[in-house]
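A.B. asks: Please see the structure below; I have some questions.
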Amino acid sequence: MATVTINSLTFTYPQRKRPVLDNLSVTFPGGKFSLLTGVSGGGKSTLLRLIAGLTPLPAPNTVTFDGEPLTKIAPGKRAATVAMLFQEPSTQFTMDTVVNELRFALENQQVDPAAMPAKIDAALDFIGITNLKDRSLMALSGGEQQKVALAIIVAMDSDVILLDEPFASIDPPTRLTLLQKLVALCTQRGKTIILADHDLSGYDQWVDHLAVLDTGKVTLLSAEQTKKRFAAFTPEQLRLTHVTQPSSELTVCLQGDQLGIAQGKRQLIQPQDLSFFAHQATLITGPNGSGKSTLFRALVRLGKYQGTLAYAGTNIQKLSRKRYAREVGLMFQSATAQFLNVTVTEELNLSRHFGNADYFTAERVQDLLTQLNLADHAEQVIYSLSSGQQKKLQLLCMLIMAPDVLLLDEPLKGLDFASIQVVMRILTTVQRDLNLTLIMVSHQLSGLDDLITLHLHLDQQHLTYEGVAE
Amino acid sequence: MNPSLKLGLIVAIALEVSFAQVWTVNVALIAVSLILMLLNHVSFKRLLYLTLVPLFFSSTLVWSLSLRGSASPHFLLVIFTRLFVYVYMGGLFTQTTEPLTLTRSLEQNAKLPSKFAYGFLAAFNLMPKIRAEVATIKAAAMMRGQVLHFWSPQLYFKVILAAMNWSDQLAAAMTSHGFIEGAPRTHAMTIPLVARDWWLFGGCLLLVQVGLFCGLP
Chain A
1 MATVTINSLT
11 FTYPQRKRPV
21 LDNLSVTFPG
31 GKFSLLTGVS
41 GGGKSTLLRL
51 IAGLTPLPAP
61 NTVTFDGEPL
71 TKIAPGKRAA
81 TVAMLFQEPS
91 TQFTMDTVVN
101 ELRFALENQQ
111 VDPAAMPAKI
121 DAALDFIGIT
131 NLKDRSLMAL
141 SGGEQQKVAL
151 AIIVAMDSDV
161 ILLDEPFASI
171 DPPTRLTLLQ
181 KLVALCTQRG
191 KTIILADHDL
201 SGYDQWVDHL
211 AVLDTGKVTL
221 LSAEQTKKRF
231 AAFTPEQLRL
241 THVTQPSSEL
251 TVCLQGDQLG
261 IAQGKRQLIQ
271 PQDLSFFAHQ
281 ATLITGPNGS
291 GKSTLFRALV
301 RLGKYQGTLA
311 YAGTNIQKLS
321 RKRYAREVGL
331 MFQSATAQFL
341 NVTVTEELNL
351 SRHFGNADYF
361 TAERVQDLLT
371 QLNLADHAEQ
381 VIYSLSSGQQ
391 KKLQLLCMLI
401 MAPDVLLLDE
411 PLKGLDFASI
421 QVVMRILTTV
431 QRDLNLTLIM
441 VSHQLSGLDD
451 LITLHLHLDQ
461 QHLTYEGVAE
Chain B
1001 MNPSLKLGLI
1011 VAIALEVSFA
1021 QVWTVNVALI
1031 AVSLILMLLN
1041 HVSFKRLLYL
1051 TLVPLFFSST
1061 LVWSLSLRGS
1071 ASPHFLLVIF
1081 TRLFVYVYMG
1091 GLFTQTTEPL
1101 TLTRSLEQNA
1111 KLPSKFAYGF
1121 LAAFNLMPKI
1131 RAEVATIKAA
1141 AMMRGQVLHF
1151 WSPQLYFKVI
1161 LAAMNWSDQL
1171 AAAMTSHGFI
1181 EGAPRTHAMT
1191 IPLVARDWWL
1201 FGGCLLLVQV
1211 GLFCGLP
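These protein sequence lines map, in sequence, to chains A and B.
If you use our numbering, the first sequence corresponds to residues 1 to 470, in order.
If you use our numbering, the second sequence corresponds to residues 1001 to 1217, in order.
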């Protein structure tokens, strides 16, 4: 059981003026499950990386475990003190198979080879994944990879377990299993757990303490306050007033016949007939990891699917890749996946060169840049923009391309309230002016009302149109 | 045979063959590699691939050399067989050696610093992810009206950016799993390096020397 104490920690990223963590002091109680929450980009990951010793501390003694400074703990003992589980499941392994990765971690701790098999089996058994022991890590789903990552931490017997948004792409049943295991690690083995997530929903019955990170400082709520906070918290409500069932007059643009989506051996969406309608703005909702992004990748021919998919009546596999890519575009969830150039201006010029330059005249683009607060960044290197600025630029680039069907995967992710208002206004105007078909996945639910006309909900591996018949 | 010694043997033979012009030794090496591959159940498809690719390149090389220039038939034969020696011996090595066993052997027997050994292994295991990333970049470019080919610099720029990002994540994960550069580690599997390996290594090298000596004009 280790108590994690942070004393007046200030951390500023190189080449930034404002510190992301500002004279922060907090104590995470030993043997308890604390949920660290705060807005995206608020410094949660930075704090966890500092506690884990992955980012060098700006001053010694700022992070202590049971009073012992992190900097004084011998490197060989660190993994037994603190270990971290990362957001991206697939890039946290060195070896090929589950058992080899476990061996690798134990070898690093200089565990006697004779003692390894028992430790490995015990850890796998605790998480309930003995059947995955000899499987190749790259062939596992994201949820299984996170379970393996947790099993490794169990095998290393680390006192403090840090988790950085571990459920970002994990389906609800796996999330539940992982949460149960984490609580068991707290109560049965006295581990200290700090989990970072920007979304509070689905944690109330699991966590002991809520730690709120706001403007560089953390406030740790007592168990009582935490209960109150959770009781007062209501998940953001989706309010759509223009949504109806699709009427028979609508034109179908994309038609799936017995369309099913699987990831490896796991079925995400059961085969079903599914239509997407032209010139409408469709919102797709559903739990994390339920298959929304995978469906989008299938729609743009980047992923496998079962059944057939037709665009304007023709099977998409029979269309030329080049032509299809110009008619059905995808705004990727990760903004940097979309960029091909170095500066903001180059990127916009590329879009104008191949996109709808008649509508997106130089003046209009300049006006939109001003609205999005990007006008001063024209010559800046894209990769040095903040994630919110990247997201706004990415949206603008894809709107200028103006494909007939534009798929938007979390276009509002990580944007502040003011930016969301601007982005939604621009999206609505452009969609109406150019009569575009928009299909959108979003966990950000407020501000969508003006735009959305159809709503698909993914639940129990099935997509259904919500709303009343017209 | 011990993987590190096997690697050393193959590199040594390949180096010698590059300088010696004895086609009989080349043919013998090809035959031995082929027999060993067959004994190790290398698939027929793989063998065909290992034969057709060098066949194309060595044929074109020999053809162009015989059309222009004054190469003797002996030299052409040496050039033709030399390419097969490289490919077959390389094939024999990769088809009979597990990357993980090689890494462990390089770390334990050849005393290669563990950060190189495991860094290489982590990168090797990321291959499927790299392939998926390339497909995504190409699709993203096509949606913007640009077609990227395998020779397009933009493709490499984006792949390198992605790889740099992954390498940071991997390094953090290795640290989190207790890996420390230069720190002592235990070994779950020990790769044996026994007298028999050295005898085999020496014997093979000696045989090649004898062959080269006898074959020299």
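Virtual Cβ for every residue (Gly too), placed ideally from N, Cα, C.
Locate the alpha helix (DSSP H) running through A/Arg189, then write down its first and last residues.
C.D. replies: Locating residue 189 of chain A in the first sequence gives position 189, counting from the first residue. Note, A/Arg189: alpha helix (DSSP H), Pro172 to Arg189.
A.B. asks: Rounded to the nearest angstrom, what separates B/Ala1141 and B/Leu1161 at their Cα positions?
C.D. replies: As a position in the second sequence, residue 1141 of chain B is number 141, starting the count at 1. As a position in the second sequence, residue 1161 of chain B is number 161, starting the count at 1. If you take the alpha carbons of B/Ala1141 and B/Leu1161, they lie about 15 Å apart.
A.B. asks: Please determine, among A/Gly30, A/Lys17 and A/Thr12, the residue with the shortest C-alpha to C-alpha distance to A/Asn23.
C.D. replies: Reading the first sequence from its first residue, position 23 is the one you call residue 23 of chain A. With distances taken between Cα atoms, A/Asn23 lies closest to A/Thr12.
A.B. asks: Could you have a look at A/Glu466 and say whether DSSP puts it in helix, strand or coil?
C.D. replies: As a working note, residue 466 of chain A is residue 466 in the first sequence. Three-state DSSP puts A/Glu466 in coil, outside helix and strand.
A.B. asks: With burial defined as no fewer than 16 other Cβ atoms inside 10 Å of the residue's Cβ, what is the status of B/Trp1166: buried or exposed?
C.D. replies: As a working mapping, residue 1166 of chain B is identified with position 166 in the second sequence. Buried, since its Cβ has 16 or more Cβ neighbours within 10 Å.
A.B. asks: Would you mind stating whether A/Met331 and A/Leu448 have Cβ atoms separated by less than 8 Å?
C.D. replies: By 1-based counting over the first sequence, the position of residue 331 of chain A is 331. By 1-based counting over the first sequence, the position of residue 448 of chain A is 448. Not a contact, by the Cβ cut-off of 8 Å.
A.B. asks: Given B/Leu1212, which residues of its chain have a CB within under 6 Å of its CB, disregarding the five upstream and five downstream residues?
C.D. replies: Within the second sequence, numbered from 1, the residue matching residue 1212 of chain B stands at position 212. Excluding sequence neighbours, B/Leu1212 sits near Ala1020, Val1022 and Val1025.
A.B. asks: Would you say the segment 318 to 330 of chain A touches the segment 269 to 278 of chain A, given that touching needs at least three Cβ pairs under 8 Å?
C.D. replies: Result no; under three Cβ-Cβ pairs closer than 8 Å.
A.B. asks: At least one CB of chain B closer than 8 Å to the CB of A/Arg103: is that the case?
C.D. replies: The residue given as residue 103 of chain A occupies position 103 in the first sequence. Yes - at least one Cβ of chain B is within 8 Å of the one on A/Arg103.
A.B. asks: Short of 6 Å in beta carbon distance, which residues of its chain neighbour A/Asp66, apart from the five on each side in sequence? Order them along the chain.
C.D. replies: The count along the first sequence starts at 1 and reaches residue 66 of chain A at position 66. Taken in chain order, the residues that qualify are Ala2 and Thr3.
A.B. asks: Counting only the same chain and skipping the five closest in sequence on each side, list residues whose C-beta sits under 6 Å from that of B/Leu1200.
C.D. replies: For the purposes of this step, residue 1200 of chain B is identified with residue 200 of the second sequence, where counting begins at 1. Closer than 6 Å at the Cβ level, and outside the excluded window around B/Leu1200, lie Met1001.
A.B. asks: If you draw a straight line from the alpha carbon of A/Gln444 to that of A/Ser40, how long is it in whole angstroms?
C.D. replies: For the purposes of this step, residue 444 of chain A is identified with residue 444 of the first sequence, where counting begins at 1. For the purposes of this step, residue 40 of chain A is identified with residue 40 of the first sequence, where counting begins at 1. Computed Cα separation, rounded: 12 Å.
A.B. asks: Hey, A/Val381 and A/Val342 are a contact pair by Cβ (cut 8 Å); roughly how many whole angstroms apart?
C.D. replies: Position 381 of the first sequence, counted from the start, is the residue given in the question as residue 381 of chain A. Position 342 of the first sequence, counted from the start, is the residue given in the question as residue 342 of chain A. 6 Å between Cβ atoms; contact.
A.B. asks: Counting only Cβ pairs nearer than 7 Å, list the residues of chain B close to A/Ser293.
C.D. replies: The residue labelled residue 293 of chain A in the question sits at position 293 within the first sequence. None at all; the shortest Cβ gap to chain B is about 12 Å.
A.B. asks: Please list the residues of the segment 110 to 139 of chain A that have a C-beta atom closer than 8 Å to any C-beta atom in chain B, keeping them in chain order.
C.D. replies: Hits within the stretch, in order: Gln110, Val111, Asp112, Pro113, Met116, Leu137 and Met138.
A.B. asks: For B/His1149, return the contacting residues in chain A, with the cut-off set at a CB-CB distance below 7 Å.
C.D. replies: Position 149 of the second sequence, counted from the start, is the residue given in the question as residue 1149 of chain B. Simply none; closest approach about 12 Å.
A.B. asks: Taking just the CA atoms, how far does A/Gln338 sit from A/Val423?
C.D. replies: Indexing the first sequence from 1 puts residue 423 of chain A at position 423. Indexing the first sequence from 1 puts residue 338 of chain A at position 338. When rounded, the distance between both Cα atoms is 18 Å.
A.B. asks: Verify the contact flag: A/Thr343, CB atom, against every heavy atom of the ligand GDP, threshold strictly below 7 Å.
C.D. replies: What this structure holds is no ligand at all, so the ligand GDP is not there to describe.
A.B. asks: Quick one: give me the first and last residue of the beta strand (DSSP E) that A/Pro271 is part of.
C.D. replies: Position 271 of the first sequence, counted from the start, is the residue given in the question as residue 271 of chain A. Arg266 to Phe277 is the extent of the beta strand (DSSP E) around A/Pro271.
A.B. asks: Got a sec: which bits of the segment 1109 to 1134 of chain B sit with their beta carbon under 7 Å from any beta carbon on chain A, in order along the chain?
C.D. replies: Listed in sequence order: Tyr1118, Leu1121, Ala1122, Asn1125, Pro1128 and Lys1129.
A.B. asks: What ranges does the beta strand (DSSP E) occupy inside the segment 1004 to 1041 of chain B, keeping only unbroken runs of at least 3 residues that lie completely in it?
C.D. replies: Segments of the beta strand (DSSP E) lying fully in the segment 1004 to 1041 of chain B: there are none.
A.B. asks: Pick helix, strand or coil for A/Met84, following the three-state DSSP scheme.
C.D. replies: Position 84 of the first sequence, counting from 1, holds the residue named residue 84 of chain A. Correct three-state label for A/Met84: strand.
A.B. asks: For the alpha helix (DSSP H) containing A/Ile120, list its first residue and its last residue.
C.D. replies: For the purposes of this step, residue 120 of chain A is taken as residue 120 along the first sequence, with counting starting at 1. Looking at the DSSP string, the run of the alpha helix (DSSP H) that includes A/Ile120 is Met116 to Ile127.
A.B. asks: Using a C-beta to C-beta distance shorter than 9 Å, which residues of chain A count as neighbours of B/Thr1101?
C.D. replies: Position 101 of the second sequence, counted from the start, is the residue given in the question as residue 1101 of chain B. Per Cβ cutoff of 9 Å: no residues; B/Thr1101 is ~11 Å from chain A at best.
A.B. asks: Note down, in chain order, every chain A residue with its Cβ under 7 Å from the Cβ of B/Gln1154.
C.D. replies: Translated into positions along the second sequence, residue 1154 of chain B becomes position 154. The answer, in chain order, is Leu340.
A.B. asks: Let me know the secondary structure DSSP gives A/Ser136 once reduced to three states.
C.D. replies: For the purposes of this step, residue 136 of chain A is identified with residue 136 of the first sequence, where counting begins at 1. In the structure shown, A/Ser136 sits in a strand (DSSP, three-state: E or B).
A.B. asks: Kindly provide the ranges of any beta strand (DSSP E) runs that are 3 or more residues long and lie completely inside the segment 197 to 236 of chain A, ordered along the chain.
C.D. replies: Within the segment 197 to 236 of chain A, the complete beta strand (DSSP E) runs of at least 3 residues are 209 to 214 and 217 to 220.
A.B. asks: Identify the residues that DSSP records as bridge partners of A/Gly329: which are they?
C.D. replies: Residue mapping note: residue 329 of chain A aligns to position 329 of the first sequence, counting from 1. DSSP lists A/Leu406 as partners of A/Gly329.
A.B. asks: Taking B/Thr1094 as part of the alpha helix (DSSP H), name the residues at either end of that continuous run.
C.D. replies: Taking the first residue of the second sequence as position 1, residue 1094 of chain B is located at position 94. Start and end: Pro1073 to Thr1096.
A.B. asks: Which residues, in chain order, does the segment 1170 to 1193 of chain B contribute to contact with chain A at a C-beta distance below 7 Å?
C.D. replies: Listed in sequence order: Leu1170, Ala1172, Ala1173, Met1174, Thr1175, Ser1176, His1177, Gly1178, Phe1179, Ile1180, Ala1183, Pro1184, Arg1185, Thr1186, His1187 and Ala1188.
A.B. asks: For A/Lys191, which residues from the same chain have a beta carbon less than 6 Å from its beta carbon, with the 5 sequence-adjacent residues on both sides left out?
C.D. replies: Taking the first residue of the first sequence as 1, we reach residue 191 of chain A at position 191. Only Ile161 and Leu185 meet the Cβ criterion.
A.B. asks: Can you give me, in chain order, the residues of the segment 1002 to 1015 of chain B that have a beta carbon less than 7 Å from any beta carbon in chain A?
C.D. replies: Within the segment 1002 to 1015 of chain B, no residue has a Cβ that lies closer than 7 Å to any Cβ of chain A.
A.B. asks: To the nearest angstrom, how far is it from the Cα of A/His111 to the Cα of B/Leu1206?
C.D. replies: Residue mapping note: residue 111 of chain A aligns to position 111 of the first sequence, counting from 1. Residue mapping note: residue 1206 of chain B aligns to position 206 of the second sequence, counting from 1. Per the sequence presented here, residue 111 of chain A reads as Val, with His not at that position. One C-alpha to the other measures close to 42 Å.
A.B. asks: Using a Cβ-Cβ cutoff of less than 7 Å, which residues in the same chain neighbour A/Lys32 once the five nearest sequence positions on both sides are dropped?
C.D. replies: Indexing the first sequence from 1 puts residue 32 of chain A at position 32. Hits under 7 Å: Cys186, Thr192, Asp208 and His209.
A.B. asks: How close, in whole Å, do the beta carbons of A/Leu57 and A/Thr71 come, if the pair is a contact with beta carbons under 8 Å?
C.D. replies: Start at 1 with the first residue of the first sequence, and residue 57 of chain A comes out as number 57. Start at 1 with the first residue of the first sequence, and residue 71 of chain A comes out as number 71. That belief holds up - the Cβ atoms of A/Leu57 and A/Thr71 are roughly 6 Å apart, short of 8 Å.
A.B. asks: Helix, strand or coil: how does DSSP classify B/Glu1107 here?
C.D. replies: Counted from its first residue, the second sequence places residue 1107 of chain B at position 107. B/Glu1107: helix per DSSP, three-state reduction.
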